[in-house]
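Each residue of the sequence shown is one higher than the one before, counting from 29 in our numbering. All residues carry an ideal CB built from backbone N, CA and C; glycine is no exception. These notes are about the structure you will find just below.
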Amino acid sequence: MQPWIESLINGRSAVVRPLLLALMLFGVLLPLNVAQAAETDAEAKAIAAATAHAVPGFWDPRRRPERPDLSRLTVIRFLTETDYPPFNFTGADGNPAGFNVDLARALCEEIKVTCTVQMRRFETLLDALAGNRGDAIIASLAVTPQTRGKVDFTDPYYRAPGRFAARKDAVMPEIRPEYLEGKKVGAITGSAHEAYLKAMFTDAELHSYPNDEALRAALKRGEVDFIFGDAVSLAFWINGTDSENCCAFSGGPFTESRYFGEGVGIAVRKGNDLLRQSLNWALFRVWEKGRYTDLWLRYFSVSPF
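In structure tokens, the structure reads:
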């Protein structure tokens, strides 16, 4: 996970049992009776796909949000970050691209409103929103007490837990503090992941690195035994060419909200209830139709969960 401004970074991100626990914690829907839980074919499709690949699912098909008065919305100006793949980045054509960008476009199609997407440096996003240079931030901004004090959020649309990664010849099915005693574990300086290691894995040998690139390079060359970081960005790296097929997840996800936040939502200005409710309604619709699942699987063929 990339470094955030100091006050925000700490909010950002047997085998079967941890997996089942993770699915429940992340809100992944695992209905015993899909037909009972899904009232439409679209809902059944979304749930079945989510179950198979652990796609985040925060929406209950039995609790459909009320449709707000969308006629009062004429345009939504989304703000996103310049360089946080696969969520938001500059595409080959020079235009904004990524999971967040595609999700924003899908939301606009549901609301049937014109939308723009402007890319800015992450540390400028909150000020830009406060200064009315945009209407909503869709940039993997974590819901934390600090951010809640500045903006209002939609319902979460994914969570970024912490996970360990190791070289493929050293993967463990389960990670506990006692298992890593004396092991060299890397994390990014100042991150929530470093703080978690210091608090919970006190017998591990902590190695801190300035950024993701340095952290992952240390694992590849064997400087550390494990790295601990944002599960979503690690999944993207593990499945990409930069990892050179060196590494894999070790153990399951860590979800403590004190360190890793309550989830990721779309931020709007304080009191903008119409936009917040409209986006919540559109998020449900995008999930219900299976479009959220399609987007997730397109960008995350290796599940972060």
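query = When the Cα atoms are used, what is the spatial distance from residue 154 to residue 292?
reply = By one-based count along the sequence shown, residue 154 stands at place 126. By one-based count along the sequence shown, residue 292 stands at place 264. Their backbone Cα atoms lie some 15 Å apart in a straight line.
request  = Answer with buried or exposed for residue 281, where buried requires no fewer than 16 other C-beta atoms within 10 angstroms of its C-beta.
outcome  = Position 253 of the sequence shown, counting from 1, holds the residue named residue 281. Residue 281 comes out buried.
key: Best match in 172, 304 and 310 for proximity to residue 136 [C-alpha to C-alpha]   = The residue you call residue 136 lines up with position 108 of the sequence shown. With distances taken between Cα atoms, residue 136 lies closest to 310.
inquiry  = To the nearest angstrom, how far is the alpha carbon of residue 194 from that of residue 200?
reply    = Walking along the sequence shown from the start, residue 194 turns up at place 166. Walking along the sequence shown from the start, residue 200 turns up at place 172. One C-alpha to the other measures close to 8 Å.
key: Inter-residue spacing [alpha-carbon to alpha-carbon] between residue 198 and residue 163   = For the purposes of this step, residue 198 is taken as the residue at position 170 of the sequence shown. For the purposes of this step, residue 163 is taken as the residue at position 135 of the sequence shown. Rounded to whole angstroms, residue 198 to residue 163 spans 46 Å at the Cα level.
request  = Compare the beta carbon distance of residue 108 and residue 141 with 7 Å and say whether it is the shorter of the two.
outcome  = Residue mapping note: residue 108 aligns to position 80 of the sequence shown, counting from 1. Residue mapping note: residue 141 aligns to position 113 of the sequence shown, counting from 1. Their beta carbons are not under 7 Å apart, which means residue 108 does not touch residue 141 by this criterion.
query = Thinking just about the alpha-carbon of each residue, which of 328, 173, 189 and 132 is nearest to the one in residue 256?
reply = In the sequence shown, residue 256 corresponds to position 228, counting from 1. When each option's Cα is compared against that of residue 256, the closest is 189.
inquiry  = Buried or exposed, going by whether 16 or more other CB atoms sit within 10 Å of the CB of residue 306?
reply    = Within the sequence shown, numbered from 1, the residue matching residue 306 stands at position 278. Around the beta carbon of residue 306, a 10 Å sphere encloses 16 or more other beta carbons of the protein chains shown; the residue is thus reported as buried.
inquiry  = Please determine whether the Cβ atom of residue 211 lies at a distance below 6 Å from any heavy atom of the ligand GTP.
reply    = Looking for the ligand GTP in the displayed structure turns up nothing, as the structure carries no ligands at all.
query = CA-CA distance, residue 24 and residue 214?
reply = Because the chain in this structure spans residues 29 to 333, residue 24 falls outside the shown range and cannot be described.
task = Excluding the 5 residues preceding and the 5 following residue 185 in the sequence, name in chain order all residues of the same chain whose CB lies nearer than 8 Å to its CB.
result = The residue labelled residue 185 in the question sits at position 157 within the sequence shown. Counting only Cβ-Cβ distances below 8 Å, and skipping sequence neighbours, we find 84, 86, 131, 291, 292, 293, 294, 311 and 320.
ask   = So is residue 227 buried or exposed if we call it buried at 16+ other beta carbons inside 10 Å?
value = Residue numbering aside, residue 227 sits at position 199 when the sequence shown is read from its first letter. Exposed, because fewer than 16 other Cβ atoms sit within 10 Å of the Cβ of residue 227.
query = Buried or exposed: residue 279, going by 16 or more other Cβ atoms within 10 Å of its Cβ?
reply = To locate residue 279, count along the sequence shown from 1; it is residue 251. Its Cβ being crowded by 16 or more others within 10 Å, residue 279 is buried.
task = Compare the C-alpha of residue 233 against each of 251, 211 and 220 and name the closest.
result = Position 205 of the sequence shown, counted from the first residue, corresponds to residue 233. Comparing Cα-Cα distances from residue 233 to each of 251, 211 and 220, the minimum goes to 211.
query = On the premise that residue 98 lies in contact with residue 139, defined as a C-beta separation below 8 Å, what is that separation, rounded to the nearest angstrom?
reply = Taking the sequence shown and counting its residues from 1, one reaches residue 139 at position 111. Taking the sequence shown and counting its residues from 1, one reaches residue 98 at position 70. With 8 Å as the limit, residue 139 and residue 98 qualify as a contact, their Cβ atoms being about 5 Å apart.
ask   = How many angstroms separate the CA atom of residue 247 from the CA atom of residue 261?
value = The residue given as residue 247 occupies position 219 in the sequence shown. The residue given as residue 261 occupies position 233 in the sequence shown. Distance between the alpha carbons of residue 247 and residue 261 is about 15 Å.
inquiry  = Quick check on this structure: which residue in 159, 95, 222 and 303 has the alpha carbon closest to the alpha carbon of residue 287?
reply    = Residue mapping note: residue 287 aligns to position 259 of the sequence shown, counting from 1. Among 159, 95, 222 and 303, the Cα nearest to that of residue 287 is on 222.
task = Note down, in chain order, each residue of its chain lying with its Cβ closer than 6 Å to the Cβ of residue 264, except the 5 sequence neighbours on either side.
result = On the sequence shown, residue 264 is found 236 positions in, with the first residue counted as 1. 114.
query = Taking only runs of the alpha helix (DSSP H) that begin and end inside the segment 292 to 318, which ones reach a length of at least 4 residues, in chain order?
reply = 301 to 316
request  = Kindly list the residues whose CB is nearer than 6 Å to the CB of residue 126, restricted to its own chain and excluding five residues on each side of it in sequence; keep chain order.
outcome  = The residue given as residue 126 occupies position 98 in the sequence shown. 114, 115, 116 and 117, listed in sequence order.
ask   = Cβ of residue 152 within 7 Å of Cβ of residue 304?
value = The residue given as residue 152 occupies position 124 in the sequence shown. The residue given as residue 304 occupies position 276 in the sequence shown. No, the Cβ-Cβ distance between residue 152 and residue 304 is not below 7 Å.
request  = Could you name the residues of the same chain whose beta carbon sits closer than 6 Å to that of residue 327, not counting the 5 residues immediately before and after it, in chain order?
outcome  = Reading the sequence shown from its first residue, position 299 is the one you call residue 327. Taken in chain order, the residues that qualify are 114 and 127.
ask   = residue 315: buried (16+ other C-beta within 10 angstroms of its C-beta) or exposed?
value = On the sequence shown, residue 315 is found 287 positions in, with the first residue counted as 1. With 16 or more Cβ atoms within 10 Å of its Cβ, residue 315 is classed as buried.
task = For residue 116, write down the residues that DSSP places opposite it in a beta bridge.
result = What you label residue 116 is simply residue 88 of the sequence shown in a count that begins at 1. Its beta-bridge partners are 112.
message = Quick check on this structure: which residue in 329, 302 and 318 has the alpha carbon closest to the alpha carbon of residue 103?
response = If you number the sequence shown from 1, residue 103 lands on position 75. Taking only the C-alpha atoms, the option nearest residue 103 is 302.
ask   = Does the Cβ-Cβ distance between residue 156 and residue 148 come in under 7 Å?
value = The residue you call residue 156 lines up with position 128 of the sequence shown. The residue you call residue 148 lines up with position 120 of the sequence shown. Yes.
ask   = Considering only residues of the same chain and omitting the five flanking positions on each side of residue 231, which have a CB-CB separation below 6 Å?
value = In the sequence shown, the residue the question calls residue 231 occupies position 203. Within its own chain, the residues whose Cβ lies closer than 6 Å to the Cβ of residue 231, once the five positions on either side in sequence are excluded, are 209, listed in chain order.
query = So the beta strand (DSSP E) residue 129 belongs to, where does it begin and stop?
reply = Stepping through the sequence shown from its first residue, residue 129 is reached at position 101. Not the beta strand (DSSP E): residue 129 falls in the alpha helix (DSSP H), residues 127 to 139.
inquiry  = Nearest by alpha-carbon distance to residue 159: which of 313, 296 and 308 is it?
reply    = Here residue 159 refers to the residue found at position 131 of the sequence shown. Comparing Cα-Cα distances from residue 159 to each of 313, 296 and 308, the minimum goes to 296.
request  = In the DSSP assignment, find the alpha helix (DSSP H) that holds residue 205 and state where it starts and stops.
outcome  = Taking the first residue of the sequence shown as position 1, residue 205 is located at position 177. Unbroken run through residue 205: none, as it is neither H nor E.
query = Using CA coordinates, which residue listed in 313, 333, 332 and 284 is at the minimum distance from residue 90?
reply = In the sequence shown, the residue the question calls residue 90 occupies position 62. Cα-wise, what sits closest to residue 90 is 313.
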